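These notes concern the structure reproduced below.
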Amino acid sequence: MTEKRTMSPLLKWFYRLGAPVWFYPFAGRLLPWLGALFLLLLLPGLYLGLWHAPADYQQGDSFRIMYVHVPAAWLSMFVYFAMAVSAVVALVWRLRMAEIMILSSAPIGAGFALIALVTGALWGKPMWGAWWVWDARLTSELILLFIYLGIIALYNAIEDRRSAGRAMSLLTLVGVVNLPIIHYSVVWWNTLHQGATVSKFDTPSIHIDMLIPLLLMAAAFKVFYGWTLLLKMRANLLEQDLHNGWVKERIYASKTAPKNSTGRVADKGHQYD
Amino acid sequence: MTEFLNMGGYAFYVWSAFGFSALVMAILFIQPIVQHRQAWREAEALHDDDADNLGERP
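Chains as they are written, first to last, in this note's numbering: chain A, 47 to 319; chain B, 478 to 535.
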């Protein structure tokens, strides 16, 4: 019996995803769909959040900052969790694609940690009277931003790509201890930051008209992560594999592809395929 | 409309927060596209030369 016959379809799919020659066009085909889904979630989220939701009885209209602040903070932790899972895959199976995933996720995670911190300051100033306090929640989120930047810096500091990938995966795993600290910081320490309102198990202490736009924005941000992650992974793969056969094949395919009247490649093979 | 833009007196804080988020997200979207285009051009130049080397060189 051949090995191919015993391989489950799921495992086969997993191995395919690990191969740039298959992943690059696959990701390219997903891009327009993710972009459309992002807008489809974002636009109603913005409309309902900025316009339709009633002003908060304590915080007035300033509470609307929540619609970017909370989804960004959630995503900054979600991205790290995804990277940590990928780090395990990278270290155990030595899968290069998992390292590319971590490398490509880190700037996105850093971006959303930064959004969470800056929008938090813009919310804190009118509500607490201070842009910044050295509070457990804020400090642990700032540390998360520094960990993201450290992961990027570490990768770029090591010449050999695979050694850099292993070091980066290890650092990602070590940094995962910060995640529960961020999450439980409002419980463990007496902080200025308000406690959880949505993830409480009994009933969320937030009005439904305020909750729906929050969930829409959170979903939109998650899709945005998937969208920009694929863009970044494709860019990193192409950049690293310039001399590789699969890139050569892509270039030739785009040149021999039929062109339409405007002289552009009709099927945009190089862009999405 | 002015009432909407005024955000109950919190206009500066609310619109700065949304504006900053939009700016960061725009960078996260545009940077990989620029990086990809640059790498694509490099790859094109590289593999053009390869084709020449296979062909008419004496």
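Quick reminder that beta carbons are idealized off the backbone N, C-alpha and C, glycines included.
On a predicted model such as this, the values are computed, not experimentally measured, just so you know.
Item: Test: residue 519 of chain B CB closer than 9 Å to a CB of chain A; Value: yes
Item: DSSP bridge partner residues for residue 102 of chain A (one or two, in chain order); Value: A:106
Item: Cross-chain neighbours of residue 478 of chain B in chain A, by beta carbon under 9 Å; Value: Residues of chain A passing the Cβ test: none, with the nearest at roughly 11 Å.
Item: Contact set between residue 503 of chain B and chain A, taken where Cβ atoms lie within less than 9 Å; Value: Under the 9 Å cutoff, chain A gives no residues; its nearest Cβ is about 10 Å from residue 503 of chain B.
Item: Any chain B beta carbon closer than 9 Å to residue 195 of chain A; Value: no
Item: Identity of the residue in B:482, B:481, B:501 and B:490 nearest residue 108 of chain A by Cα; Value: B:490
Item: Where residue 142 of chain A falls: helix, strand or coil (DSSP); Value: helix
Item: Three-state secondary structure assigned by DSSP to residue 512 of chain B; Value: helix
Item: Three-pair Cβ contact test at 8 Å for the stretch 71-87 of chain A versus the stretch 259-266 of chain A; Value: yes
Item: Residue burial classification, residue 483 of chain B (beta-carbon count within 10 angstroms, cutoff 16); Value: exposed
Item: 7 Å CB neighbourhood of residue 235 of chain A in its chain, flanking five on each side removed; Value: 182
Item: DSSP-derived helix/strand/coil call for residue 236 of chain A; Value: coil
Item: Closer than 9 Å to chain B by CB, residue 142 of chain A; Value: no
Item: Buried or exposed (CB count within 10 angstroms, at least 16 for buried), residue 205 of chain A; Value: exposed
Item: Selected residue, minimal CA-CA separation from residue 156 of chain A, among A:132, A:60 and A:190; Value: A:190
Item: Where residue 115 of chain A falls, given that 16 or more other Cβ within 10 Å makes a residue buried; Value: buried
Item: 8 Å contact criterion, which residue 106 of chain A and residue 485 of chain B should meet: CB distance rounded; Value: 4 Å
Item: Where residue 202 of chain A falls, given that 16 or more other Cβ within 10 Å makes a residue buried; Value: exposed
Item: Coarse secondary structure for residue 173 of chain A, derived from DSSP in three states; Value: helix
Item: First and last residue of the uninterrupted alpha helix (DSSP H) at residue 282 of chain A; Value: 254-286
Item: Pairwise C-alpha distance: residue 144 of chain A and residue 283 of chain A; Value: 12 Å
Item: Backbone secondary structure at residue 214 of chain A - three-state DSSP; Value: helix
Item: Where residue 205 of chain A falls: helix, strand or coil (DSSP); Value: coil
Item: CB-CB length for residue 158 of chain A against residue 122 of chain A, believed under 8 Å; Value: 4 Å
Item: Below-9 Å beta-carbon distance, residue 157 of chain A vs any chain B residue; Value: yes
Item: Pair within 9 Å by beta-carbon distance, residue 197 of chain A and residue 217 of chain A; Value: yes
Item: Listed by chain order, chain B residues near residue 106 of chain A by CB distance under 9 Å; Value: 484, 485, 486 and 487
Item: Among A:174, A:56 and A:128, the one whose alpha carbon lies nearest that of residue 238 of chain A; Value: A:174
Item: Assigned secondary structure, residue 290 of chain A (DSSP; H/G/I helix, E/B strand, else coil); Value: coil
Item: Residue-chain proximity (residue 172 of chain A, chain B), Cβ-Cβ < 9 Å; Value: yes
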